[in-house]
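Here's the structure we're looking at; comments come further down.
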Amino acid sequence: MTDTMTKAPAAVLSGRRGLALGVIASAQLMTALDATIVNIALPSAQQALKFGDGQRQWVVTAYTVCFAGLLLFGGRVADVVGRRRTFQLGLAGFGAASLLAGLAPTLAVLAVGRALQGGFAALITPSVLSLLAVTFTQKRERARAFAVYGAVASSGAAVGLLLGGVLTEYFAWRWCLFVNVVLATVLLAVGRSVLPDPPRSAGAGLDVGSALLATAGLAAVVFGCGRAAQDGWSSPTVLSALIGGAVVLGVFALRQARKPNPLLPLRILADRDRVGACLAVGTAVIGAFGMFLMLTYHLQTVLHYSPARAGMAVLPMAAANAISGYQLGNRLMPRVAPRVLIAGGLLIGAAGLLLMTRLTPDSGYLVSILPAEILVGVGMGTLFPPAFQLAIRGVTQRDAGVTSAVVTAATQVGSSIGTAVLNSLAVSATAGYLASHAPGASVHQAALVHGFATAITWAAWLLAVIAAAMFILIRTTSTTDTTKENR
């Protein structure tokens with residue numbers, strides 16, 4: 007460990023290290039839960055702002071697309087401007103964007119506010135992960151810190167559903183956005199005195215053009231996947247969006263290969279362990295978000311749960327996630343090879359998803375849904391801490407921010423594209439079931455459950471296949487190597 011890297015964590019006094027971790031974890035929780043907090047609130051928001059069913063998706067995807075598309079740019083900003091300063095800017099902007107969205111008089115203003123939230127979240131998250139890396143450098147405390155971070159990151163979506171349901175039912179849907187204003191203000195005040203200020207990277211530049219290409223390409227792909235549910239995968243609109251998005255992303259990749267200071271240095275992707283960790287994280291999020299989407303609809307449309315009750319129903323998944331993430335990560339990461347933990351977590355999650363496919367319209371929560379939730383939660387909690395730590399293992403000081411962004415981008419891309427694809431699969435399967443059965447109320451519910459099961463089955467098999475791939479991609483036997491100096 008070099009002098010440069012030891013000075014940063016020394017800036018945090020020993021009595022404040024827990025508080026620093028609390029600020030970091032809370033900021034990550036805020037950005038993670040906002041991907042889902044408005045899901046349950048959407049019917050109320052739609053009624054208040056009077057927008058159509060076809061426009062609802064943009065309230066969610068405006069956030070995730072801008073988050074994912076600008077993450078690499080946010081990572082580079084963190085490297086150039088400074089991690090703590092970028093973190094503070096992101097918090098201030100996120101709070102302001104949340105206020106704008108919460109006060110929105112129209113869908114357009116709400117979507118703009120959500121997009122701005124995603125953009126400022128793209129500044130917060132890379133700063134958070136790189137601050138975590140330079141603040142906790144001792145082997146045991148580093149494992150503990152990443153266990154906490156992984157548990158928070160992977161349970162944020164479930165917490166968002168819970169909080170969104172409670173706020174919508176007992177306050178108003180706008181409080182799903184106003185709550186961020188309060189949290190961001192508190193984190194700004196506390197973080198100023200307890201977070202370190204690592205040195206900035208010299209020689210790196212801000213590549214705005216590449217950031218726009220990445221965001222536009224991803225937005226086109228997500229739009230195409232989302233429209234497939236309405237128009238079909240072979241429609242000209244869907245094909246144009248998917249092909250156009252792929253071309254734009256290809257131009258982005260060529261630009262990175264040719265620029266002297268690219269937004270995404272391709273050397274970061276040359277590490278097969280890092281690629282494997284990012285692949286595992288993105289795949290796990292596809293499964294988790296697929297389950298959130300299907301479970302939310304099942305609870306409210308089939309079992310007729312209220313928003314608050316539906317939110318409470320996903321709490322066991324978040325609890326299993328957090329407990330397993332901290333306990334298993336903290337105890338096993340120093341002793342067990344990362345590919346074993348990551349592959350094991352994927353397989354446990356796949357088992358939970360397969361259990362969900364056995365649902366029927368008459369299935370009860372305690373017998374059929376709760377066990378599946380716990381398995382998925384334990385699976386995600388097992389794989390996220392070692393995957394996050396493995397993904398940033400051994401990076402140089404210069405690449406710390408952008409590497410952190412790559413890891414988080416994998417989660418946002420997984421949630422954006424995975425949700426769109428699984429929703430399209432569910433809608434198609436539901437339509438096929440209805441077309442082959444006589445109409446009726448019971449048939450409609452059976453068709454919904456059939457659609458959910460079809461989508462979740464695809465997600466479960468995807469997790470199982472990627473679990474096997476982990477033993478090929480990941481070779482390292484330890485996640486405890488620390489960040490390298492800037493050379």
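Numbered per this note's numbering, the sequence shown finishes at 493, counting up by one with no gaps.
All C-beta atoms in this analysis are idealised placements derived from N, C-alpha and C, irrespective of residue type, glycine included.
Just to confirm, are residue i and residue j a CB contact at a threshold of 8 Å?
i, j, result
"G96", "L138", "no"
"G99", "A107", "no"
"F394", "V408", "no"
"A164", "A324", "yes"
"G230", "G420", "no"
"M339", "L189", "no"
"G355", "L469", "yes"
"L168", "L116", "no"
"L76", "T221", "yes"
"T112", "P202", "no"
"L248", "V227", "yes"
"A225", "V71", "yes"
"S104", "V158", "no"
"T417", "V291", "yes"
"Q451", "P322", "no"
"G351", "M386", "yes"
"L78", "R278", "no"
"L219", "V185", "no"
"P391", "A102", "no"
"D213", "K265", "yes"
"W181", "A51", "no"
"Q34", "T191", "no"
"Q333", "L194", "no"
"S216", "R280", "no"
"V44", "V65", "yes"
"R89", "S133", "yes"
My guess is that residue i and residue j are in contact by the Cβ rule of under 8 Å, so how many angstroms apart are they, rounded?
i, j, result
"M362", "A378", "4 Å"
"A234", "S369", "Contact doesn't hold; Cβ gap of about 28 Å is too wide."
"R345", "F477", "6 Å"
"G166", "L39", "3 Å"
"G124", "F73", "4 Å"
"Y69", "A121", "7 Å"
"A328", "G171", "Not quite, the Cβ-Cβ distance comes to about 18 Å (not below 8 Å), so this is no contact."
"S422", "T42", "Not a contact, Cβ separation roughly 12 Å."
"T425", "P313", "That pair is no contact at about 19 Å."
"L353", "A473", "5 Å"
"L25", "V308", "Actually they do not touch by this definition, with Cβ atoms about 44 Å apart."
"S410", "L135", "4 Å"
"I380", "A294", "Between A294 and I380 the Cβ distance is about 13 Å, and since that is not below 8 Å, they are no contact."
Taking the alpha helix (DSSP H) that residue i falls in, what are its first and last residues?
i, result
"E89", "Glu is not the amino acid found at residue 89; the sequence shown has Arg there. 89–108 is the span of the alpha helix (DSSP H), which, as asked, contains R89."
"N186", "181–200"
"T402", "First-last for T402: undefined, no H or E at that position."
"Y371", "Per DSSP, Y371 belongs to no alpha helix (DSSP H) and is neither H nor E."
"I348", "344–362"
"M339", "First-last for M339: undefined, no H or E at that position."
"R273", "Per DSSP, R273 belongs to no alpha helix (DSSP H) and is neither H nor E."
"A294", "278–303"
"P313", "313–319"
- Output the residue ranges of the beta strand (DSSP E) runs that lie fully inside the stretch 26–68 and measure 3 residues or longer, sorted by chain position. Unbroken beta strand (DSSP E) stretches of 3 residues or longer found wholly inside the stretch 26–68: none.
- Message: Using 8 Å as the cut-off, can you tell me whether the stretch 269–278 makes contact with the stretch 452–471, which would need three or more C-beta pairs spanning the two stretches below that distance?
- Response: Because the criterion of three Cβ pairs below 8 Å is not met, the stretch 269–278 and the stretch 452–471 do not touch.
- Message: My parser needs the alpha helix (DSSP H) runs of 4 or more residues fully inside the stretch 212–247; what are they?
- Response: Here the runs fully enclosed are 214–237.
- Residue ranges of each alpha helix (DSSP H) within the stretch 109–187, 4 or longer: Qualifying alpha helix (DSSP H) stretches, in chain order: 113–141, 145–176.
- Task: Count the CB pairs spanning the stretch 246–261 and the stretch 297–313 that are closer than 8 Å, and state whether there are at least three.
- Result: By the criterion of at least three beta-carbon pairs nearer than 8 Å, the stretch 246–261 is not in contact with the stretch 297–313.
- Query: Below 8 Å, can you find three or more Cβ-Cβ pairs linking the stretch 77–90 to the stretch 26–33?
  - Reply: Not touching, per the Cβ criterion.
- Hey, is the stretch 453–460 in contact with the stretch 424–439, meaning 3+ C-beta pairs nearer than 8 Å? Taking 8 Å as the limit for Cβ pairs, the verdict is that the stretch 424–439 does touch the stretch 453–460.
- Would you check if there are 3 or more beta carbon pairs closer than 8 Å linking the stretch 437–448 to the stretch 385–402? In short, these stretches do not touch, since the Cβ pair count stays below three.
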